[in-house]
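Sequence positions in the sequence shown follow this note's numbering and run 48 to 463.
Here a beta-carbon is modelled for each residue, glycine too, at the ideal position from N, C-alpha and C.
The structure presented is a predicted model; accordingly, all values stated were derived computationally and were not measured.
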Amino acid sequence: MSVSDPMIKDLKGSAVHFLGVLQPVTDDIEAVRTFCEALERILLHGLLVRINAFGYWRDPEPWHWLEKLSFKKFGAPYLYQLSVEKVRKCEKVRTNTGRTRLLIRYCLNNRCLHIPFQLLLETKQYKLVYGRESVLGSDILAQILMSVVLLPSRLQFKLDTDNSRFLDDAWLLPAVRRLTFVPADQLGISLTFVDGKAIAVEVLPDSVASEDEQIEVGDVLDELNSVVIIAGLQGCMGQVLRKSAGHPITAYVIKAKHKGTLYGPLVPLLRRAGLSTTQVLSGSITSISESKQAMTYMGRVLTADRGHVQEIKQAIRQLLGEHQETEQVLLDCHDMGVTVTRVDNSKVLMKHSYMQISSCGCTVQAPNYFAYIAEDRSISPDNRFVCYIFHTENQDLIDNTLTSIGQGFKRTHFAV
48 MSVSDPMIKD
58 LKGSAVHFLG
68 VLQPVTDDIE
78 AVRTFCEALE
88 RILLHGLLVR
98 INAFGYWRDP
108 EPWHWLEKLS
118 FKKFGAPYLY
128 QLSVEKVRKC
138 EKVRTNTGRT
148 RLLIRYCLNN
158 RCLHIPFQLL
168 LETKQYKLVY
178 GRESVLGSDI
188 LAQILMSVVL
198 LPSRLQFKLD
208 TDNSRFLDDA
218 WLLPAVRRLT
228 FVPADQLGIS
238 LTFVDGKAIA
248 VEVLPDSVAS
258 EDEQIEVGDV
268 LDELNSVVII
278 AGLQGCMGQV
288 LRKSAGHPIT
298 AYVIKAKHKG
308 TLYGPLVPLL
318 RRAGLSTTQV
328 LSGSITSISE
338 SKQAMTYMGR
348 VLTADRGHVQ
358 EIKQAIRQLL
368 GEHQETEQVL
378 LDCHDMGVTV
388 TRVDNSKVLM
398 KHSYMQISSC
408 GCTVQAPNYF
418 AYIAEDRSIS
428 PDNRFVCYIF
438 HTENQDLIDN
448 TLTSIGQGFK
458 RTHFAV
């Protein structure tokens with residue numbers, strides 16, 4: 048085998064570039080991304096396919112051995128153990144690819160990037176992980192690689208490890224902003240969750256968030272008051288704000304716009320959220336109705352004293368056989384319950400607290416319809432429960448709405 052390798056040459060070229068920039072090295076330096084991409088190619092090349100404890104093939108991923116070498120029995124230094132632990136606890140990355148990428152960034156900051164490669168060679172673990180044709184499977188090439196990764200370990204890096212939400216998808220990082228707002232009860236934005244990311248689909252005029260266009264439609268709310276925003280917080284955002292009532296609001300926001308265009312990995316999520324990418328880029332979209340978050344209220348079906356989720360399937364089938372007046376509405380899931388308002392005049396059609404709602408769900412026979420059942424004795428003394436049925440072609444909107452209602456009363460089946 049040749050004692051040189053094109054992948055090592057690419058890595059060395061980016062590493063040498065660090066010597067010519069002012070320290071600390073930040074994400075503004077293009078060589079950071081090219082270095083990380085080159086290192087990832089080396090980590091992926093020649094990985095051996097393994098069989099797990101159940102006898103199934105396991106996709107080869109470098110995260111498995113990178114994490115394993117942080118165990119105390121391998122004698123890993125504290126800074127490397129700390130880096131791995133930070134990645135384990137990070138809720139923003141959800142794949143092993145994202146974890147590997149985030150670990151590389153933590154190791155650059157903590158000057159310990161060479162440690163896993165050093166341990167891999169010292170413990171001879173590379174023979175179990177990489178084939179002989181790979182860089183890390185060759186004694187000579189692995190030693191050359193060690194000399195290259197030692198270089199950034201001698202330099203000071205200051206990479207933004209909080210900017211990790213899209214590392215599952217790409218090395219290209221989005222533009223981000225750390226914002227501080229005056230104390231307020233609410234920010235004035237409406238969010239929809241797509242693939243676990245909270246996308247702003249409306250920014251209310253004259254709200255705290257609208258000042259100087261700090262948050263715009265299409266942006267992703269990544270953190271609020273240092274709390275990482277995940278899908279499990281749907282319907283609970285108000286609680287996050289109340290915990291710091293009377294104090295300034297801090298937010299970490301991923302911007303939809305990136306160097307004059309839209310951030311690539313975010314574009315398919317914007318479309319799934321019902322947003323026009325052209326309008327997001329131009330900044331001409333401001334309201335939730337424009338962003339296609341409206342749905343059709345189909346009507347209601349009385350279910351007598353039956354409020355179980357199984358009634359939803361029958362209610363939807365019954366409604367589809369009847370003719371009822373429909374209306375375009377917005378369904379807002381807030382901290383205390385659900386409010387349904389008309390799109391044309393903002394008139395409130397109905398309000399139900401989570402204590403009144405007994406179930407919610409949809410049916411596979413009519414996937415674009417969903418409903419919730421709530422207690423309402425005002426309609427008829429004999430009909431304790433009423434099923435309210437809605438329609439939309441936006442499956443993400445259905446999923447988000449049902450999840451938000453489920454978060455409200457914590458005892459929901461989401462499908463029938």
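Please identify the residue among 150, 435, 437 and 329 whose C-alpha is closest to the C-alpha of residue 109.
150 is the residue among 150, 435, 437 and 329 whose C-alpha sits nearest the C-alpha of residue 109.
If residue 432 sits next to residue 353, beta carbons under 8 Å apart, how far is it from one beta carbon to the other, in whole angstroms?
Rounded, the Cβ-Cβ distance is 6 Å, consistent with contact.
Could you give the DSSP three-state label for residue 388: helix, strand or coil? Residue state, collapsed to three classes: strand.
**Item:** Boundaries of the beta strand (DSSP E) in which residue 485 is found, first to last residue
**Value:** What is shown of the chain runs 48 to 463, which leaves residue 485 out entirely.
(request) Please specify which runs of the alpha helix (DSSP H), each continuous and at least 4 residues long, are wholly inside the region 119 to 203, giving them in chain order. (result) Those alpha helix (DSSP H) runs which fall completely within the region 119 to 203 and span 4+ residues are 125 to 136, 143 to 156, 162 to 169, 173 to 176 and 186 to 200.
Report, in whole angstroms, the separation of the C-beta atoms of residue 82 and residue 202, which I expect to be a contact under 8 Å. At roughly 11 Å, the Cβ-Cβ gap does not stay under 8 Å, so residue 82 and residue 202 are not in contact.
| Do residue 434 and residue 341 come within 7 Å of each other at the CB atom, strictly closer than that value? | In this structure, residue 434 does not lie closer than 7 Å to residue 341 by Cβ.
Kindly confirm or deny that the region 174 to 185 and the region 231 to 241 touch, where touching means at least three C-beta pairs closer than 8 Å. With the cut-off at 8 Å, the region 174 to 185 and the region 231 to 241 do not touch.
* Asked: When you compare each of 63, 89 and 94 to residue 79 by their alpha carbons, which one comes out closest?
  -> Of 63, 89 and 94, the residue nearest in Cα terms is 63.
Start and end of the beta strand (DSSP E) containing residue 434?
Its beta strand (DSSP E) spans residues 430 to 438.
field: Backbone secondary structure at residue 375 - three-state DSSP
entry: If DSSP states are grouped into helix, strand and coil, residue 375 belongs with the strands.
| task | Please report how far the alpha carbon of residue 220 lies from the alpha carbon of residue 417, in whole angstroms. | result | The C-alpha of residue 220 lies about 37 Å from the C-alpha of residue 417.
So, at 7 Å on beta carbons, what are the nonlocal neighbours of residue 380 in its own chain, with the 5 sequence-adjacent residues on each side left out? Once the five neighbours on either side are set aside, the close Cβ partners of residue 380 are 282, 448, 451, 452 and 455.
Next item on the list: Whole angstroms is fine: what's the gap from residue 161's alpha carbon to residue 265's?
Entry: Each residue's alpha carbon lies about 39 Å from the other.
Expressed to the nearest angstrom, what Euclidean distance is found between the alpha-carbon atoms of residue 113 and residue 75? So the two alpha carbons sit approximately 27 Å from each other.
Suppose only complete runs of 3+ residues qualify. What are the beta strand (DSSP E) ranges in the region 262 to 348, listed by chain order?
Taken in chain order, the unbroken stretches of beta strand (DSSP E) that lie wholly in the region 262 to 348 and span 3 residues or more are 267 to 271 and 296 to 301.
Practice prompt. Could you pull out every residue in the same chain whose Cβ sits closer than 8 Å to the Cβ of residue 121, ignoring the five residues on either side in sequence?
Written response: Contacts found: 115, 166 and 170.
7 Å Cβ shell around residue 415 - same chain, five flanking residues per side excluded:
Closer than 7 Å at the Cβ level, and outside the excluded window around residue 415, lie 438, 439 and 440.
* To do: Flag this pair as touching only if the region 136 to 144 and the region 193 to 201 have three or more C-beta atom pairs under 8 Å; answer yes or no.
  => Short answer: they don't touch.
- Item | Beta bridge counterpart(s) of residue 380 as assigned by DSSP | Answer is 385, bridged to residue 380.
Pairs of beta-carbons, one from the region 249 to 262 and one from the region 308 to 316, closer than 8 Å: are there three or more?
With the rule of 3 Cβ pairs closer than 8 Å, the region 249 to 262 does not count as touching the region 308 to 316.
- Query: Within 10 angstroms of its Cβ, does residue 350 collect 16 or more other Cβ (buried), or is it exposed?
  - Reply: Its Cβ being crowded by 16 or more others within 10 Å, residue 350 is buried.
Check your understanding: How many Å lie between residue 188 and residue 111 at the Cα?
Key -> A direct Cα-to-Cα measurement between residue 188 and residue 111 gives close to 22 Å.
Q | Separation of residue 393 from residue 251, as counted between CA atoms | A | So the two alpha carbons sit approximately 14 Å from each other.
- Identity of the residues DSSP links to residue 422 by a beta bridge: Under DSSP, the beta-bridge partners assigned to residue 422 are 432.
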